[in-house]
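Q: Line by line, the protein sequences are chains A and B. All residue numbers for the first sequence refer to the numbering used here, where the first residue is 94 and numbers rise by one. All residue numbers for the second sequence refer to the numbering used here, where the first residue is 94 and numbers rise by one. The beta carbon of each residue, even a glycine, is placed where N, CA and C say it ideally should be. Remember, predicted model here, so these are calculated numbers, not experimental data.
Protein chains: 2
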Amino acid sequence: MSERAEVDGPRLLRSLAAFAAIGATPAGGVNRQALSPGDRLARRLLAERALSRGFAVFQDAAANLFLRRAGADDTLPAVLIGSHLDSQPTGGRFDGALGTLSAFEVLEALEDAGVSTVRPVEVVAFTNEEGSRYAPGCMGSMAFAGLHPISEWQAAMAPDGERLEHELAATLGALPEATMRHARPDIFAFVELHIEQGPVLERENVPIGVVTAIQGTKWLEVTFTGEAAHAGTTPREFRKDAMAAAAHAIAALQATVMAEDPQARLTVGRLSLEPGSVNVIPRQVTFTIDLRHPDGIALADLEALVRTTCAIAGEQWGCTTAIRPLLDMAPGTFEPALISAIETACRSRGIACRQMTSGAFHDALFVNRIAPSAMIFIPCRDGISHNEAEFVEDRHVLLGAATLLDLTLDLANRTDALAGR
Amino acid sequence: MSERAEVDGPRLLRSLAAFAAIGATPAGGVNRQALSPGDRLARRLLAERALSRGFAVFQDAAANLFLRRAGADDTLPAVLIGSHLDSQPTGGRFDGALGTLSAFEVLEALEDAGVSTVRPVEVVAFTNEEGSRYAPGCMGSMAFAGLHPISEWQAAMAPDGERLEHELAATLGALPEATMRHARPDIFAFVELHIEQGPVLERENVPIGVVTAIQGTKWLEVTFTGEAAHAGTTPREFRKDAMAAAAHAIAALQATVMAEDPQARLTVGRLSLEPGSVNVIPRQVTFTIDLRHPDGIALADLEALVRTTCAIAGEQWGCTTAIRPLLDMAPGTFEPALISAIETACRSRGIACRQMTSGAFHDALFVNRIAPSAMIFIPCRDGISHNEAEFVEDRHVLLGAATLLDLTLDLANRTDALAGR
Numbered sequence: 094m095s096e097r098a099e100v101d102g103p104r105l106l107r108s109l110a111a112f113a114a115i116g117a118t119p120a121g122g123v124n125r126q127a128l129s130p131g132d133r134l135a136r137r138l139l140a141e142r143a144l145s146r147g148f149a150v151f152q153d154a155a156a157n158l159f160l161r162r163a164g165a166d167d168t169l170p171a172v173l174i175g176s177h178l179d180s181q182p183t184g185g186r187f188d189g190a191l192g193t194l195s196a197f198e199v200l201e202a203l204e205d206a207g208v209s210t211v212r213p214v215e216v217v218a219f220t221n222e223e224g225s226r227y228a229p230g231c232m233g234s235m236a237f238a239g240l241h242p243i244s245e246w247q248a249a250m251a252p253d254g255e256r257l258e259h260e261l262a263a264t265l266g267a268l269p270e271a272t273m274r275h276a277r278p279d280i281f282a283f284v285e286l287h288i289e290q291g292p293v294l295e296r297e298n299v300p301i302g303v304v305t306a307i308q309g310t311k312w313l314e315v316t317f318t319g320e321a322a323h324a325g326t327t328p329r330e331f332r333k334d335a336m337a338a339a340a341h342a343i344a345a346l347q348a349t350v351m352a353e354d355p356q357a358r359l360t361v362g363r364l365s366l367e368p369g370s371v372n373v374i375p376r377q378v379t380f381t382i383d384l385r386h387p388d389g390i391a392l393a394d395l396e397a398l399v400r401t402t403c404a405i406a407g408e409q410w411g412c413t414t415a416i417r418p419l420l421d422m423a424p425g426t427f428e429p430a431l432i433s434a435i436e437t438a439c440r441s442r443g444i445a446c447r448q449m450t451s452g453a454f455h456d457a458l459f460v461n462r463i464a465p466s467a468m469i470f471i472p473c474r475d476g477i478s479h480n481e482a483e484f485v486e487d488r489h490v491l492l493g494a495a496t497l498l499d500l501t502l503d504l505a506n507r508t509d510a511l512a513g514r
Numbered sequence: 094m095s096e097r098a099e100v101d102g103p104r105l106l107r108s109l110a111a112f113a114a115i116g117a118t119p120a121g122g123v124n125r126q127a128l129s130p131g132d133r134l135a136r137r138l139l140a141e142r143a144l145s146r147g148f149a150v151f152q153d154a155a156a157n158l159f160l161r162r163a164g165a166d167d168t169l170p171a172v173l174i175g176s177h178l179d180s181q182p183t184g185g186r187f188d189g190a191l192g193t194l195s196a197f198e199v200l201e202a203l204e205d206a207g208v209s210t211v212r213p214v215e216v217v218a219f220t221n222e223e224g225s226r227y228a229p230g231c232m233g234s235m236a237f238a239g240l241h242p243i244s245e246w247q248a249a250m251a252p253d254g255e256r257l258e259h260e261l262a263a264t265l266g267a268l269p270e271a272t273m274r275h276a277r278p279d280i281f282a283f284v285e286l287h288i289e290q291g292p293v294l295e296r297e298n299v300p301i302g303v304v305t306a307i308q309g310t311k312w313l314e315v316t317f318t319g320e321a322a323h324a325g326t327t328p329r330e331f332r333k334d335a336m337a338a339a340a341h342a343i344a345a346l347q348a349t350v351m352a353e354d355p356q357a358r359l360t361v362g363r364l365s366l367e368p369g370s371v372n373v374i375p376r377q378v379t380f381t382i383d384l385r386h387p388d389g390i391a392l393a394d395l396e397a398l399v400r401t402t403c404a405i406a407g408e409q410w411g412c413t414t415a416i417r418p419l420l421d422m423a424p425g426t427f428e429p430a431l432i433s434a435i436e437t438a439c440r441s442r443g444i445a446c447r448q449m450t451s452g453a454f455h456d457a458l459f460v461n462r463i464a465p466s467a468m469i470f471i472p473c474r475d476g477i478s479h480n481e482a483e484f485v486e487d488r489h490v491l492l493g494a495a496t497l498l499d500l501t502l503d504l505a506n507r508t509d510a511l512a513g514r
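1) Answer with buried or exposed for Gly-192 of chain A, where buried requires no fewer than 16 other C-beta atoms within 10 angstroms of its C-beta.
2) Closest to Leu-398 of chain A by CA distance: which of A:Gly-443, A:Cys-412 and A:Ile-343 is it?
3) Quick one: is Met-94 of chain B buried, meaning 16 or more other Cβ sit within 10 Å of its Cβ, or exposed?
4) Helix, strand or coil: how does DSSP classify His-259 of chain B here?
5) Going by C-alpha to C-alpha distance, which of B:Ala-306, B:Gly-302 and B:Leu-160 sits closest to Gly-147 of chain B?
6) Using a beta-carbon distance cut-off of less than 9 Å, what residues from the region 468-484 of chain B approach chain A?
7) Where Val-460 of chain A and Ser-234 of chain A are concerned, what is the direct C-alpha to C-alpha distance, given to the nearest angstrom?
8) In its own chain, which residues sit with a C-beta less than 6 Å from the C-beta of Gly-389 of chain B, not counting the 5 before and 5 after it?
9) When the Cα atoms are used, what is the spatial distance from Ile-382 of chain A to Gly-325 of chain B?
10) Just to make sure I have the definition right: I need the residues of chain A whose C-beta is within less than 8 Å of the C-beta of Gly-239 of chain B. Which are they?
11) Compare the beta carbon distance of Ala-338 of chain A and Cys-412 of chain A with 9 Å and say whether it is the shorter of the two.
12) Please classify Cys-446 of chain B: does DSSP put it in a helix, a strand, or coil?
13) Need the endpoints of the beta strand (DSSP E) that Ala-488 of chain A sits in, please.
14) Quick check: what's the CA-CA separation for Gln-347 of chain A versus Leu-366 of chain B?
15) Between Thr-318 of chain B and chain A, is any beta-carbon pair separated by less than 9 Å?
16) If distances are taken between C-alpha atoms only, which option among A:Arg-376, A:Met-336, A:Gln-409 and A:Gly-362 comes closest to Phe-380 of chain B?
17) By the 10 Å Cβ neighbour count, where 16 or more other Cβ atoms means buried, how is Gln-448 of chain B classified, buried or exposed?
18) Taking contact to mean at least 3 C-beta pairs separated by less than 8 Å, is the region 279-288 of chain A in contact with the region 504-511 of chain A?
19) If we cut at 9 Å on Cβ distances, does Gly-230 of chain B have a partner in chain A?
20) In the DSSP assignment, find the alpha helix (DSSP H) that holds Arg-400 of chain A and state where it starts and stops.
21) Can you have a look at Pro-242 of chain B and say buried or exposed, based on whether 16 or more other CB atoms are within 10 angstroms of its CB?
22) With a threshold of 7 Å on Cβ separation, who are the neighbours of Pro-229 of chain A within its own chain once the five nearest residues in sequence on each side are excluded?
23) Could you check what DSSP says for Ala-143 of chain B in three-state terms: helix, strand or coil?
24) Buried or exposed: where does Pro-103 of chain A fall if 16 or more other Cβ atoms within 10 Å of its Cβ makes it buried?
25) Beta carbon of Glu-223 of chain A, beta carbon of His-287 of chain A: below 9 Å?
26) DSSP three-state label for Arg-514 of chain B, please.
27) Please name the residue, chosen from A:Arg-329, A:Thr-450 and A:Pro-278, that lies closest to Asp-167 of chain A on a Cα-to-Cα basis.
28) Quick check: the region 190-208 of chain A against the region 168-175 of chain A, are at least 3 beta-carbon pairs closer than 8 Å?
29) Give me the residue from B:Leu-511, B:Leu-268 and B:Thr-402 with the minimum Cα distance to Leu-139 of chain B.
30) Does the beta-carbon of His-323 of chain B have 16 or more other beta-carbons within 10 angstroms, so that it is buried, or is it exposed?
31) For chain A, is any of its Cβ atoms less than 9 Å away from the one on His-323 of chain B?
32) Against Pro-328 of chain A, what residues of chain B qualify as contacts under a CB-to-CB distance less than 7 Å, listed in chain order?
33) Any Cβ of chain B within less than 9 Å of the Cβ of Pro-418 of chain A?
34) Quick one: list the residues of chain A neighbouring Trp-246 of chain B, beta-carbon separation under 7 Å, in chain order.
35) Taking the C-alpha atoms as reference points, what is the distance between Asp-499 of chain A and Ser-441 of chain A?
36) Grouping DSSP H, G and I as helix and E and B as strand, with all else coil, what is Gly-254 of chain B?
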């Protein structure tokens with residue numbers, strides 16, 4: 094006996110509130126960084142809910158977490174939906190959690206209604222999408238897509254001094270109920286619901302964004318090395334001031350890159366210096382540059398500009414310059430058949446939608462390499478994300494989840510391949 | 094029975110090596126920051142040596158440490174000699190330790206030779222000259238001079254999370270053998286031997302610098318506050334980027350201040366940002382500016398320039414700008430009678446010397462407010478200090494200590510007041 098599956102709105106909103114309490118910050122945000130005790134607690138809560146509903150629970154070597162509802166033909170490739178549960182150090186309540194918990198709500202809604210689907214449906218929470226505690230971000234989805242084995246990052250060190258190897262083992266060990274998966278299951282399609290993290294949907298009052306592509310991202314780590322010396326006694330011509338070189342380079346890049354190309358994005362999000370004393374000229378400064386552009390060639394040009402600008406600044410202040418790439422994500426284009434399926438789902442409910450490009454990278458960028466993928470965006474207030482003030486209206490949460498449910502049902506009952514694959 | 098007092102060179106060099114071992118860093122420097130366990134150990138070692146030679150040991154509420162050799166008329170104001178024992182986090186072996194241990198060698202040399210002086214002679218190790226763990230520097234000498242009671246800084250917090258109040262009590266408590274001094278003794282004169290921390294003496298091959306004045310210093314703390322936002326999705330016009338504002342301000346100041354006035358010094362030695370994630374536009378950046386000039390009016394003009402430049406940079410990046418003064422030390426001029434006494438001491442031993450201004454501030458700047466003061470400089474290699482590579486030749490150490498000994502003997506046997514006071 095089955096009825097029409099529908100999202101249980103109050104349950105989904107309660108679920109978002111319950112997960113926002115794990116790692117809650119005084120300012121109303123969330124600090125639940127990848128592989129931290131808070132992250133483990135969130136994974137446990139989700140796994141327990143899945144087991145109580147009779148779904149199967151799996152994790153893989155990268156601690157990606159999977160919750161599976163069997164299909165009528167359980168041998169068919171699964172429809173994968175989900176996102177991530179980790180947050181920025183001063184992150185919001187929706188980035189990642191929205192897509193993961195809405196996907197789980199889809200599973201519960203199908204179960205509540207007794208709806209059988211031809212294909213199995215799996216919810217995924219990918220490990221370390223944010224990359225704030227261990228760079229790079231999207232480790233879980235990169236490992237899932239076979240781009241990098243997770244072992245490649247075992248030696249990564251968090252600012253809090255914990256090695257990834259240790260924290261990964263602790264995270265896996267904290268969920269003994271999960272069956273370990275040693276091979277990637279076949280995926281029919283992957284869909285990720287996420288907040289836009291930008292201002293477009295809100296400004297145009299459109300509740301659903303259909304993401305057609307993700308811009309490319311490069312993370313670079315720049316290190317200037319000069320010489321520590323006394324602030325009071327060292328004349329300009331004797332100074333090898335790594336902080337002066339860094340300021341010079343950053344100021345020059347900030348003054349030109351985005352002013353000359355409105356599609357470009359350049360951010361220095363991290364900077365540390367040594368020895369860090371008021372009256373000592375800094376010997377060494379290390380900072381990160383996050384560079385983005387929807388066009389791969391323009392992105393490569395930007396990297397070249399960064400390298401030249403830094404070399405000039407280093408030379409001007411008698412410092413050596415070293416630049417290390419931390420992350421290089423080419424721009425990605427999503428599956429047209431999935432894009433139209435999302436638009437069809439919106440149309441059938443009378444929900445306005447628009448196509449758009451994602452300024453942020455997401456796990457879907459990597460899953461897209463191995464299976465047809467797409468993303469659904471909903472608006473967030475003032476476009477603010479990676480910020481404790483991140484906020485999404487309830488009605489947008491519910492429209493996003495309803496769209497994801499309809500799309501999942503559509504895909505999970507298809508027996509033909511998606512067009513173009 | 095007394096002979097001519099002479100510095101025991103090997104003993105002084107062994108003493109410098111023994112103290113350099115306390116807080117020794119792998120790169121050959123010293124990390125013995127104020128009121129740390131290492132600082133306590135150094136104070137203990139010095140106090141034990143003093144007690145074993147029969148000198149009296151005192152400390153005051155600011156944990157300034159005094160070692161007193163009685164005079165023939167012990168009621169006369171004492172000749173005070175010494176410096177400090179604390180270091181920068183990646184400091185050298187001579188900054189502070191040279192002046193303190195040479196002063197102690199003077200006491201021992203007098204004792205070895207059985208020389209009696211009319212006035213008592215005291216060695217002092219002032220607390221927290223460096224200011225790296227707790228700003229401002231020269232807390233001990235400022236408290237000693239009655240400019241600020243040490244209680245004013247009780248709430249100061251070290252980067253390692255320890256409150257000054259706690260560390261000060263622990264430091265005082267670690268030396269129960271010392272008699273607590275509740276009033277400042279009368280001081281006839283104060284002389285501090287120190288390394289130049291600049292390149293002049295070495296370049297001119299002059300072993301002794303006679304310091305006539307110390308340039309003024311201002312420490313400012315600048316905070317830009319903008320808004321955290323996603324690095325990939327936020328266009329330039331929506332960015333309130335505190336790091337971009339800081340880079341803009343620092344680059345502008347570094348490009349102009351020292352280029353336009355070779356006597357000026359400007360250093361950004363510390364910078365921290367929040368939240369500190371590669372892909373998040375920084376909400377807040379805080380950095381220090383160390384400003385110096387031998388002329389008080391020019392120094393005030395520089396502060397005004399810093400304030401204007403920061404305000405402009407903040408506005409350009411949509412940030413609020415706050416500037417907090419951490420330290421304000423007016424330039425100081427030393428006692429002419431002491432300056433000639435140092436020159437006389439050098440002349441009688443045939444040691445070349447030259448008058449000079451100090452680019453660094455020192456405890457003598459503050460003691461000078463309450464007693465005639467002066468400083469003796471010796472060269473350090475390449476002018477490098479506040480650096481683990483700081484190095485002084487043995488022969489310069491011995492010439493400096495011999496000059497200090499002769500000067501101390503001269504002053505400790507004077508019964509008339511110093512000219513000009």
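A: In this structure, then:
1) Burial check for Gly-192 of chain A: the Cβ neighbour count within 10 Å reaches 16 or more, so the residue is buried.
2) Of A:Gly-443, A:Cys-412 and A:Ile-343, the residue nearest in Cα terms is A:Ile-343.
3) Low confidence applies here, because Met-94 of chain B scores a pLDDT of 46, under 50, leaving its location unreliable; read the following figure in that light. Classification for Met-94 of chain B: exposed.
4) The DSSP-derived three-state label of His-259 of chain B is helix.
5) Here the closest residue by C-alpha is B:Leu-160.
6) Correct list: Asp-475, Gly-476, Ile-477, Ser-478, His-479, Asn-480, Glu-481 and Ala-482.
7) Looking at the backbone, the Cα of Val-460 of chain A and that of Ser-234 of chain A are separated by about 6 Å.
8) Cβ within range, chain order: Gly-309, Ala-423 and Pro-424.
9) Taking C-alpha positions only, Ile-382 of chain A is separated from Gly-325 of chain B by approximately 12 Å.
10) Correct list: empty, because the minimum Cβ distance to chain A is about 24 Å.
11) Taking 9 Å as the cut-off, the beta carbon of Ala-338 of chain A is found closer than this to the beta carbon of Cys-412 of chain A.
12) Shown here, Cys-446 of chain B sits in a strand according to DSSP, grouped into three states.
13) It should be pointed out that residue 488 of chain A corresponds to Arg in this sequence rather than to Ala. Element bounds for Arg-488 of chain A: not the beta strand (DSSP E) but the alpha helix (DSSP H), 487-505.
14) Rounded to whole angstroms, the separation of the alpha carbons of Leu-366 of chain B and Gln-347 of chain A is 17 Å.
15) Judged by the 9 Å Cβ criterion, Thr-318 of chain B is not in contact with chain A.
16) Cα-wise, what sits closest to Phe-380 of chain B is A:Met-336.
17) Gln-448 of chain B comes out exposed.
18) With the cut-off at 8 Å, the region 279-288 of chain A and the region 504-511 of chain A touch.
19) For Gly-230 of chain B, the answer is yes, since a Cβ of chain A falls inside 9 Å of its Cβ.
20) Run containing Arg-400 of chain A: 389-409, per the alpha helix (DSSP H) assignment.
21) With fewer than 16 other Cβ atoms inside 10 Å of its own Cβ, Pro-242 of chain B counts as exposed.
22) Correct list, in chain order: Trp-312, Leu-419 and Leu-420.
23) Of the three classes helix, strand and coil, the one that applies to Ala-143 of chain B here is helix, per DSSP.
24) Residue environment for Pro-103 of chain A: exposed (fewer than 16 other C-beta atoms within 10 angstroms of its C-beta).
25) Contact: no.
26) Model confidence at Arg-514 of chain B stands at a pLDDT of 46, short of 50, so the residue's coordinates are unreliable; what they give is reported in the following sentence. If DSSP states are grouped into helix, strand and coil, Arg-514 of chain B belongs with coil.
27) Per the Cα distances, A:Pro-278.
28) With the cut-off at 8 Å, the region 168-175 of chain A and the region 190-208 of chain A touch.
29) Nearest option by C-alpha distance: B:Leu-268.
30) His-323 of chain B comes out buried.
31) Output row for His-323 of chain B: interface = yes.
32) For Pro-328 of chain A, the C-beta contacts it makes with chain B under 7 Å involve Pro-355, in order along the chain.
33) So no, Pro-418 of chain A is outside the interface.
34) Per Cβ cutoff of 7 Å: no residues; Trp-246 of chain B is ~15 Å from chain A at best.
35) In this structure, the straight-line span from the alpha carbon of Asp-499 of chain A to that of Ser-441 of chain A is close to 9 Å.
36) Secondary structure at Gly-254 of chain B: coil, using DSSP grouped into helix, strand and coil.
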